[in-house]
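Residue numbering for the sequence shown is -23 to -1, 1 to 565, as defined by mature numbering (1 follows the signal peptide of the UniProt record, and there is no 0).
All C-beta atoms, glycine included, are put in the ideal place defined by N, C-alpha and C.
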Amino acid sequence: MLQGINCVLVRIARIACIVFLMAGCASVTKEADQSPSPSFPGSGAATDRTPSGKSGSRAGNQAQAKQNFRRQTPLQIPTPADGSLPTVELSASDQWAQAIDLTYESDDIFQRMRNGFSMPDINSDLVLYHQQWYMNRPESLRRITERSSLYLFYIVEELEKCGMPMELALLPMVESAYNPMAYSRAKASGLWQFIPSTGKRYNLDQNWWKDERRDILASTTAALDYLQSIYDMHGDWHLALASYNWGEGAVGRAVNKNVVLGLPTDYLSLTMPGETRNYVPKLQALKNIFSNPALLIELRIPRIPNRPYFGTVTKTSNIDVKVAARLADMPVQEFVALNPAHNRPVIQSETPMVIPAHKLETFITNLEAHEESNKPLSSWQSYTVRPGDKLEKIAPRFGMTVANLREANGITGRIKVSPGHTLLVAGNNGGEPLNMAALPEQPSLPQADPVSPGASSAATVHTHTVRKGETLPVIARRYGTSVADLKRINHLRSDRIAAGTRLEVGTANKTAGKGEAKPGKAGDSPKKMASAQKSPKTIHYTVRRGDTLASIARHFKVGKDDLLRWNRISPNALTPGKSLTIQLSQNP
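Listed below in structure tokens is the structure:
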């Protein structure tokens, strides 16, 4: 009984405590509402007081607070009358700043490139100048971008595989305006503007059939290999780019000069030719433009999708350019834009053909149907000129006119075709009508490269009959040329030559244009071109066993650094049989 009474009393006590606590909280709340509290402009946490001391409506007080907030500059927080520190409640931010996900695959190739930009930026007046130059010519920039749309995805993919800076995808804009047919006065060719000697160093074939400096796949591989090698040499991408333009030997010499003088050795601190001094700023200007999506929209730069533009197909037999274009259901000109390396209207076997991705299935289907019909893929064949042959005799033998034979082989003027030359002649079914206008400019025989501007009389072509005991090095020295040039002009595969063989040889006189070793670019100023045309004789020397860089430099009285710069080689690249360009104009 007593235990039950105790339980009731405990419950009553608990209820009394709860009632007491609730009454106390209500009292505290009432006092807080009546006491003055610190006000903060724009906050609606407390009831504001009007100037007359009367409480205003909540909406009116908020409006008055906003006006007070606008008038207070800088922001001031009033101090309470009792001197205590004011209390301000700050609202939390609506959302955190979003991080950039570099693994996200954008459908825009330019965004993918931005994610891979990693070269240090440079800021200079030249960068600003070139950036303004491009922006003032939006039509030109649009044309360059449209041309790049065929090749950009492939180049970006290759850069990503190699772990190289994505800024290099913009380099062909500086070099060639993304024109694979670009050809400079220094004989540089293709998207990446390889001169002949550097192209050979990086295994780019340059022969009667094709010039791989213009090949999209081969030249890109060679360019990235070259850029990586000179980056490894300098450890700096800006110096690597300067070397790509000026030559690694020349850049190394400029760096060493600054070291001796106690000066910085970065790109902006070096003394360089005008072209090289503007080279990296041009690339930086393009980077600045393509880093700004809003600016690209304003300039109406076309968007390029982040997907492959082309694929490749390789055949085990020759195929005509015209037939390949027809099988791909595309104009010859568009086919050649993707396959610009071919000098002839025939693509050699085992050569990858570049076909637009959306045309691959069509090409393969049409190719299978063509082969099932037993139709030949090529209506042409090659013929090696024999002693006593003349065009007038060769043409009717294959059912051709002399004019067609000349057109197919790029033979112009009074050039004589000598024994050993390879000619393209009609096959058993007769050659298809030619569309040479769609093909790259055909090299003339026997001189494959065009003559430099202002040097039309620079080279004289002679015919030399090999005598008993004569060798190619002896003949090359006699005419001031190189063994490599003799073999190229005469299409020789071996250094051995039989007595009685007639060779075409070219001798350069003192008015010859600039040698191929120094990397020039298309579009140089007339002043620079004029100075180049005044250069005295340039010769070629074939490295012999036992030769060293020092011994060659001493023999011709030139500097070792000059030899490296003219030939864009490193000292360890000097091997027997290599052809060197030497500018005797540098002699004291």
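{"Check": "Cβ distance (whole Å) where leucine 147 is taken to contact leucine 276 below 8 Å", "Outcome": "Contact flag wrong, Cβ pair sits at about 15 Å."}
{"Check": "Integer-rounded CB distance, given that threonine 515 should sit under 8 Å from glycine 554", "Outcome": "Going by Cβ atoms, the distance from glycine 554 to threonine 515 rounds to 20 Å, so no, they are not a contact pair."}
{"Check": "Outcome for glutamate 116 when other beta-carbon atoms lying within 10 angstroms are tallied against a minimum of 16", "Outcome": "exposed"}
{"Check": "First and last residue of the uninterrupted alpha helix (DSSP H) at histidine 347", "Outcome": "337 to 349"}
{"Check": "Histidine 517: first and last residue of the uninterrupted beta strand (DSSP E) it sits in", "Outcome": "515 to 519"}
{"Check": "Validate contact between the region 332 to 339 and the region 284 to 291 using beta carbons, cut 8 Å, 3 pairs", "Outcome": "yes"}
{"Check": "Contact belief for alanine 217 with methionine 249 at Cβ below 8 Å, rounded distance in angstroms", "Outcome": "So it is not a contact: roughly 14 Å between Cβ atoms."}
{"Check": "Paired residues, beta bridge with serine 166 - DSSP", "Outcome": "Tyr160, Phe171"}
{"Check": "Neighbour-count burial assignment, serine 556, 16 or more Cβ in a 10 Å radius", "Outcome": "buried"}
{"Check": "Beta carbon proximity, tyrosine 286 to chain C, threshold 8 Å", "Outcome": "Judged by its chain identifiers, the structure shown contains no chain C, having just a single protein chain."}
{"Check": "According to DSSP, residues forming a beta bridge with phenylalanine 87", "Outcome": "DSSP, once it has assigned bridges, lists no residue as partnering phenylalanine 87."}
{"Check": "Arginine 479 - partner residues in DSSP beta bridges", "Outcome": "Thr442"}
{"Check": "Secondary structure of serine 125, DSSP reduced to three states", "Outcome": "helix"}
{"Check": "Residue range of the unbroken alpha helix (DSSP H) whose run includes methionine 210", "Outcome": "193 to 211"}
{"Check": "Residue from Arg321, Thr478, Ile474, Gly390 whose Cα sits closest to the Cα of leucine 400", "Outcome": "Arg321"}
{"Check": "Rounded separation between lysine 259 and leucine 105 - CA only", "Outcome": "9 Å"}
{"Check": "Any 3 or more C-beta pairs closer than 8 Å across the region 545 to 552 and the region 167 to 179", "Outcome": "yes"}
{"Check": "Buried versus exposed, by CB contacts within 10 Å (16 or more), proline 308", "Outcome": "exposed"}
{"Check": "Limits of the alpha helix (DSSP H) - the one that threonine 253 falls within", "Outcome": "251 to 267"}
{"Check": "Glycine 229 versus arginine 191: straight-line alpha-carbon distance, rounded", "Outcome": "29 Å"}
{"Check": "Assigned secondary structure, methionine 112 (DSSP; H/G/I helix, E/B strand, else coil)", "Outcome": "helix"}
{"Check": "CB of valine 133 within 8 Å of CB of isoleucine 86, strictly", "Outcome": "yes"}
{"Check": "Beta-carbon proximity check, serine 395 vs glutamate 311, cutoff 8 Å", "Outcome": "no"}
{"Check": "Neighbour-count burial assignment, glutamate 225, 16 or more Cβ in a 10 Å radius", "Outcome": "buried"}
{"Check": "Inter-residue Cα distance where the pair is threonine 437 and isoleucine 392", "Outcome": "Any reading at threonine 437 needs caution, since the residue's pLDDT is 45, under 50, leaving its predicted position unreliable; the model's value is listed next. Each residue's Cα considered, the two are about 12 Å apart."}
{"Check": "Start-to-end residues for the alpha helix (DSSP H) that takes in isoleucine 332", "Outcome": "From DSSP, isoleucine 332 is part of no alpha helix (DSSP H) but of the beta strand (DSSP E) over 329 to 333."}
{"Check": "Selection from Trp357, Thr378, Gln358 that minimises the alpha carbon distance to lysine 367", "Outcome": "Thr378"}
{"Check": "Counted within 10 angstroms of its Cβ, other Cβ atoms place aspartate 84 as buried (16 or more) or exposed", "Outcome": "exposed"}
{"Check": "Beta-carbon proximity check, isoleucine 474 vs leucine 449, cutoff 8 Å", "Outcome": "yes"}
{"Check": "Under 8 Å between C-beta atoms of tyrosine 221 and tryptophan 214", "Outcome": "no"}
{"Check": "DSSP state of serine 556 mapped onto helix, strand, coil", "Outcome": "strand"}
{"Check": "Three-state secondary structure assigned by DSSP to tyrosine 221", "Outcome": "helix"}
{"Check": "Counted within 10 angstroms of its Cβ, other Cβ atoms place isoleucine 110 as buried (16 or more) or exposed", "Outcome": "Strictly speaking, residue 110 in this sequence is tryptophan, with isoleucine absent from that position. Classification for tryptophan 110: exposed."}
{"Check": "Nearest neighbour of histidine 319, chosen from Thr253, Trp185, Leu344, Ile388 [CA to CA]", "Outcome": "Trp185"}
{"Check": "Rounded straight-line distance, which links the Cα of proline 270 to that of glutamine 560", "Outcome": "47 Å"}
{"Check": "Extent of the continuous alpha helix (DSSP H) to which tryptophan 543 belongs", "Outcome": "537 to 544"}
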